[in-house]
Every structure is written in structure tokens, then in C-alpha cells.
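Enquirer:
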Amino acid sequence: MTDTFGRFAATPIGPLLAARDGGLTLATTGATALASHARSDFSLNAGTVGVEFAVWGDDAVTALVGFATAAAALNKALGVDLASIGWDLAAGRLLQAGGAIATDLPAVVHGDIVGLQVVLGAQRQIRLYLNGTQVLARELQLSGPLFFAASLAATKAGGLCLAVNAGQWGPRSDAAASGWRLPTLAASPMRLADVDWLSAPGDSPANLRYEGLVAEGVSLIQELAFWPWGGDPVSQAAAAECVVADADGVLDTLVGAGASGSSVQILLAAESGMRVDAVPAFRCAIEQIEINDDGTKTLHLRDAHDYLDETLNRGVFLPNIASLAWKPQPVVIGAVASIPAMGANSDATSMFVADGRVYVDAVMDRGDLMEAGTYSEAPDGQQVLLKSPPVTPVVVDASSVGAGMMPARLEQAVGDVMARLGREAWSASDCVAIDQATGYMGIGYYAGAAITGRAALNALLPSYGAGCYQDPAGVLRFVRVIAPESHAGPFAFDLSEAHDLAADLVMVPDDAPNLTRRMAYRPNAQALAASDLVTDVVEVPQARRDELTGLYRGQVYGAGPLHAHYQRAEVADPVISLFWHASDAQAEIDRILGMYRVQRYFYQLTVRGDQDLAPLPGQVGRLTYSRYGLADGKPVLVRRVERNPATGDVVLTVWG
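Note that my numbering numbers the sequence shown so that position 366 is 348, with each residue one more than the last.
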């Protein structure tokens, strides 16, 4: 369920103040002293909650931020009475009842981020943060529901503005991490099974009743989200579906309430066993509940990683930069070439690069490398400061990992994506294993517009020939596509026509429509036009011009033999990888071409009544069949699994 964050209320509001941009910003409507305040659109009275502000404008930082009760008069500044408390940002004081209750706080200047957190319990406490660092914690003498609030003073309309973080930028402190959110009611769990079942009094949890409404078990689907050279990635790497017999309307309330996104856990347990011994089969979320008729409903379930569809960008630009107002801040992961630098002030001597710290290796104005000493990095590492105004366009080579254009290993890149989303249900060990197996130095990724976590992963993983899937516990796993005959360990399964298959095997050639001999590396975040470059061919020689105006800085060629079925790869356009180093791209394209020395096939097979058969995508097994060259048995790699744990029916799509 989407969080509802607090904003400034348009009304009621104090004199000469206006809530703008849907309550995301607060500004003065004329010249005013600290004589009124604005407050949030809803109050909170429980939990640990917080709020974060950014301030800007032509006038000095004459502002108070804090909390107020409903009794606080809006035509008074914060902290003048007992009904409110205010942090005087410029003077470094905490005010209440007309006096200072704390002094010597750090002074706040334009561009700083301030946070306030409050513990709403029996013993209330207030905590203040400046740029992520806690600067004060003390007892709070305010009772009842609280609003967050602010007072501004300015010499003119819009002379001072304040933005509240309602999710536009990543939290800079524990205050924003706590958030000022409307509380949501916790739904009572609904427990279903394929038979009526009651956990034993000594079980954990005890005496839980499961309604036996699930008909014919649950169909579970897991597949790799990416297939090398095989087309677009799938949007969902996991799904499930089941039919529920619901003549009594047990699920009617859930349907009416709109259950999309609600979490679902599927467990396997012996009918005579204990609930505590149940093993996880799947974790997912409700996509929709389809009403078939008065007696049955179909539950359509999607993977448990809905958060991958959330925006990855840490924040948006505030309205103090008119040309960039509310645009997403760019994402930089690893080493990236030709990052467009955006003017952050009137003469573009301050230029914004990324939404997090980067290490700048080169700065180019119209393609001409700027000399050391003509620019510097801002303390936050997100901007480049120039000694004189540029001609523009300005592009930057930089890395989010370290100096010297250090690329991101797969573990670092995926970890960055997950950290931005605030999630931990992913396998770092899988990524480490891929890093160790490849030995690649790493990649770089740039997104100048709003981008989702799923789209970012779909961009990162193909360079390694890897895909992701969801395991039974709901953890996002990562696996590299390899030639199954190169697998050295034990097989995950050994299936044969004589003993296991319930239907004829279906064979489909792998046409590898995107296969190519060429792999590009070091893609430009922004490819410059020829007219963007200086005309001096000495300062910017032709080779450099070609690098800057292309989609990428270089490409490699794989010269290994290819099966005749894949001759189109000889003239195909290069695939653009995210590698920074040519050696990484060369090794990967050689590996992929090596897999297609022989013609590859997909095989679909069906097994019935085997409840122990539960292969996972990326695992390698052995398949024996009387046709298609499989009579002696061949290793195959699992791409897709569709299974019903209750019936033991399994449909596999494998590759070999």
C-alpha cells in the first residue's frame, strides 16, 4: 500500500504564507516578519515520526521549523507560547513559551537539510538533525496530537521558501526515515488451505484455523527475468494462481476492499503435521481476485518484489532551479562516461551531476578537456564547481565507487539499487559468486530520467549474461546463464522419457535473435552532436570526436566459430554492454559466442505426480529422450518452472 506523507495544508494557514506545489513547498506572499506559521495537513499522536525540510531563497534564512498542537494560533510564530515549539534555524536556538530552551545549535544556511523527529509516547522526546547528523535530543513538553509546522520571514513575496520531504528525495536523516505518514490499519490475515486444517494446541502458532477452500492446489511459476540474445526481459519473474471454492463469500470483503498488493505466503505442511514444521513454497502479492461465479474465485498472484517498480532516483530538483524544478535527479552507479552536467545557478558555474556522491575523473566543455584547477568538486560530491562560466554543453566522466573511474562490481551495482529501494531480500552471495566466476572489473549505469528498480536490474544484468528469479522464501536470486555441458557439480534432476515424462517432449530451436559478434562497452550517458564540439581539431582530435558523438566509446569483436544457424550474428549491430573495460567486454562476448558454437534448443517437458521435483531457474539437470539427439542423455539448464506442489505436476522449459 502506498504511503500518504504529510504536506503543508493550504488552509488553515497563517497570514502572508502560502502552501504551493500541492503542499510540498511553503513560501511568503509578501514582506513579513516571523509572525505566523503554517502546519501539516494532518496530525499524529503515536509512534516515532519525523519530517525533513530544505530551505532556499534570496533572503536570509529567517525561519522556524517545529511542531504545533491544534490550539496553537496560526497568527503567531512557532515557540511563542506553550502550544508550539520551533527551531530557529539561523540563530541556532530551540524556542518554546517565548524563550530559548536550547541554544548553541549549528547555524543553518541555504541548501542545508534539517530534520525533526519526535517520539510520541508516555515520555515524549524531540530530536533535531542537520544534514543527517543529530544535533539535539531532549524531552518534549507538548501533549496531544501534533502537526509539523514552519514560520518564515522575508523582505518580499517568495523571498524565502521551504520544501517538506514528502518522498521527493531520499531521507538524509532518521527523521525522514521515520516519516510523517498517515497510519494504515493492519488487515486481519486470512488463512486458506486445500483441506480444513487446525494447528495443534502445542503448535506455534497454536489453534489457527485454515479454511479448506483452495481447489486443485496452487500453480507456481518461476523463470529467469532475462535470456541472453533472446528478446525483451519478462516483467514478472514469478507468478502464481489458484481457484478458491467460495460459495459462502468468505473472500467477498477482500474483493470489495481492493486487495491488490496484499502479501501472500504459501506453505507446504503434512496434513497430520505441525504448522511450525511447514516449509515455504512461495511468497507473492495479490494481483487481482477474479470472480468466476457465486461459487468460485481465482486468485492471481504476482511476485513479492513489487518494490522493484518503485522509482530508483533518490530525489527531485527543488523549484529553486527553475529549469530543473521537480525533475528527477540523475542516477549514477559505477563508472559512467559523458554524464551531462546541469547548471545549478544562473551562470552555470555550479553544475549538478548525480543524486549521490561521485568521483570526477574528467570534465569537458564542448568536448574540450578542462585543465586541473579550473574546476573542483562540491563537498557533497554531487556537483562540479567551475572557475568561470562554461560555453556548454558540459559532460563529466565520473564513478560512484571511487577515484580513477572505478567501475562497480555486480554485487556493488545490485546493492546500490536495493539500498536505494530500502530492501534487503536479495542474495548478495549470488552476485559475489558471479563476480568471482567472471573476474570482471565491473560496469557503469546512468539514468537521467525517472527509472524503476526493475528497469535498472534489466539493464545491469545482461552485461554478465545473468538473470534473476524469486526463490520459495521470497528472496531475489541471481544466476548466470552458462553452457549446461560446462556444469561440473551434481545434477539438480535426472529425467527420462521412460520413467518420468507424462507427455511428449516439445523441442523449439533457440534462434538467438539478438546474437552478435560485437559488444560495445563504455556507453556515453549523453552522446554529443558534432555541433556541440569545439571546432579546434587539435584540442579535440577526430578520434575523440568519434568517442563523444557515438553511443559508446568502444567495441570489441568476438572471432570464435559460430554454428551456421546463427549466421545473422555476423552482420548484426553490436550489443551495448555497461562494461568500462574492453577486456571485460571481450571476455563476455567470447563466452557467449562459445555457447553458440553448436545449435541450441529449448525443450518443454511435463512431469506429473512428483511432489519432490522442485528445480529452480538456472539449475542444471540431465534429460534423456529418444529423439532430438537426447537418447544418451544431455545436460540442460532450467529457464522456466511451472509447478503445483499439491498435485506434483511440473512443466519445465529447459535449454541445451
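All C-beta atoms in this analysis are idealised placements derived from N, C-alpha and C, irrespective of residue type, glycine included. Fair warning: this is a prediction, and the values are worked out from it, not measured in the lab.
Just how far apart, CA to CA, sit residue 207 and residue 440?
Expert: The alpha-carbon atoms of residue 207 and residue 440 are separated by roughly 8 Å.
Enquirer: Should residue 494 go down as buried or exposed, given a rule of 16 or more other Cβ atoms within 10 Å for buried?
Expert: Looking at its Cβ environment, which holds 16 or more other Cβ atoms inside 10 Å, residue 494 is buried.
Enquirer: What residues in its chain sit with their C-beta under 6 Å from that of residue 622, if we drop five residues either side in the sequence?
Expert: The residues are 205, 635.
Enquirer: Once DSSP output is grouped into helix, strand and coil, what is the label at residue 41?
Expert: Reduced to three states, the DSSP call for residue 41 is coil.
Enquirer: What does the Cβ neighbour count give for residue 287, buried or exposed, with the cut at 16 atoms within 10 Å?
Expert: Counting Cβ neighbours within 10 Å, residue 287 comes out buried, since at least 16 surround it.
Enquirer: Check whether the region 82 to 96 and the region 24 to 39 are in contact - that is, three or more C-beta pairs closer than 8 Å.
Expert: Yes, since at least three Cβ pairs between the region 82 to 96 and the region 24 to 39 fall closer than 8 Å, the two stretches touch.
Enquirer: Among the residues of its own chain, which have a CB less than 8 Å from the CB of residue 125, if the five just before and after it don't count?
Expert: If we look at residue 125 and ignore the five residues flanking it on each side, its Cβ neighbours are 51, 106.
Enquirer: Are there three or more Cβ pairs, one per stretch, closer than 8 Å when the region 550 to 565 is compared with the region 490 to 508?
Expert: Contact holds: three or more Cβ-Cβ distances are below 8 Å.
Enquirer: Could you spell out the range, first to last residue, of the alpha helix (DSSP H) harbouring residue 356?
Expert: Element bounds for residue 356: n/a, residue is neither H nor E.
Enquirer: Strictly under 8 Å for the Cβ-Cβ distance: is residue 371 near chain C by that measure?
Expert: Absent from the structure: chain C. Only one protein chain is present.
Enquirer: State the start and end residues of the unbroken beta strand (DSSP E) segment that holds residue 319.
Expert: Note, residue 319: beta strand (DSSP E), 313 to 322.
Enquirer: Distance check for residue 396 and residue 342, CA to CA, integer angstroms please.
Expert: One C-alpha to the other measures close to 22 Å.
Enquirer: Counting only runs that start and end within the region 61 to 98, where is the beta strand (DSSP E) found for 3 or more residues in a row?
Expert: 66 to 70, 75 to 78, 81 to 84, all fully within the region 61 to 98.
Enquirer: Would DSSP call residue 292 helix, strand or coil?
Expert: If DSSP states are grouped into helix, strand and coil, residue 292 belongs with coil.
Enquirer: Can you name, in chain order, every residue of its own chain whose Cβ lies under 6 Å from the Cβ of residue 389, other than the five neighbours on each side?
Expert: If we look at residue 389 and ignore the five residues flanking it on each side, its Cβ neighbours are 316, 317, 423, 424, 425, 426, 562.
Enquirer: Mind listing, in chain order, the continuous alpha helix (DSSP H) runs of no fewer than 4 residues lying wholly within the region 503 to 541?
Expert: Counting only runs of 4 or more, we get 524 to 531.
Enquirer: Once the 5 residues before and after residue 568 are set aside, which same chain residues still bring their CB inside 7 Å of it?
Expert: So the list reads 538, once near-sequence residues are dropped.
Enquirer: Looking at residue 629 and residue 243, is the spacing between their C-beta atoms short of 8 Å?
Expert: Contact flag unset, no.
Enquirer: Where residue 302 and residue 572 are concerned, what is the direct C-alpha to C-alpha distance, given to the nearest angstrom?
Expert: The straight-line gap from Cα to Cα measures roughly 50 Å.
Enquirer: State the Cα-Cα distance for the pair residue 111 and residue 289, rounded to the nearest angstrom.
Expert: Looking at the two C-alpha atoms, the distance is approximately 28 Å.
Enquirer: Looking only at DSSP bridge pairs, what is residue 365 linked to?
Expert: Note: residue 365 sits in a beta bridge opposite 334.
Enquirer: Determine the closest residue to residue 115 out of 88, 357, 526, with distance taken between C-alpha atoms.
Expert: Nearest of 88, 357, 526 to residue 115, Cα basis: 88.
Enquirer: Say whether the region 342 to 362 touches the region 405 to 421, bearing in mind that this needs 3 or more beta-carbon pairs closer than 8 Å, one atom from each stretch.
Expert: The answer is no - the region 405 to 421 does not touch the region 342 to 362, with fewer than three Cβ pairs under 8 Å.
Enquirer: Tell me which residue opens and which closes the beta strand (DSSP E) that residue 626 is part of.
Expert: Residue 626 -> beta strand (DSSP E) spans 616 to 626.
Enquirer: Where does residue -5 sit, in a helix, a strand or coil, going by DSSP?
Expert: Here residue -5 sits in coil by DSSP.
Enquirer: Considering only the beta carbon of each residue, do residue 186 and residue 257 sit closer than 8 Å?
Expert: Yes, the pair counts as a contact, with Cβ atoms nearer than the cut-off.
Enquirer: Just reading off the alpha helix (DSSP H) that residue 117 is part of, what are its end residues?
Expert: Not the alpha helix (DSSP H): residue 117 falls in the beta strand (DSSP E), residues 115 to 121.
Enquirer: Between residue 260 and residue 251, how many whole angstroms is the CB-CB distance? I'm expecting something under 8 Å.
Expert: Residue 260 to residue 251, Cβ: 4 Å. Contact.
Enquirer: Heavy atom of the ligand MN less than 7 Å from the Cβ of residue 585, yes or no?
Expert: By its list of ligands, the structure shown contains no ligand whatsoever, and the ligand MN lies outside what it can speak to.
Enquirer: Can you check the region -1 to 53 for any beta strand (DSSP E) of at least 3 residues that lies completely inside it and give the ranges in chain order?
Expert: Correct list: -1 to 2, 7 to 10, 29 to 38, 45 to 50.
Enquirer: Rounded to the nearest angstrom, what separates residue 589 and residue 158 at their Cα positions?
Expert: Near 52 Å, if we compare the C-alpha coordinates of residue 158 and residue 589.
Enquirer: Based on DSSP bridge pairs, tell me the residues matched to residue 374.
Expert: Per DSSP, none; premise fails for residue 374.
Enquirer: According to DSSP, is residue 452 helix, strand or coil?
Expert: Strand, per DSSP.
Enquirer: Going by Cα to Cα distance, which pick from 337, 347, 319 is closest to residue 363?
Expert: Checking every option, the nearest Cα to that of residue 363 belongs to 337.
Enquirer: Go ahead and pull the three-state DSSP assignment for residue 346.
Expert: Reduced to three states, the DSSP call for residue 346 is strand.
Enquirer: Buried or exposed: residue 91, going by 16 or more other Cβ atoms within 10 Å of its Cβ?
Expert: It is exposed - the Cβ of residue 91 has fewer than 16 other Cβ atoms within 10 Å.
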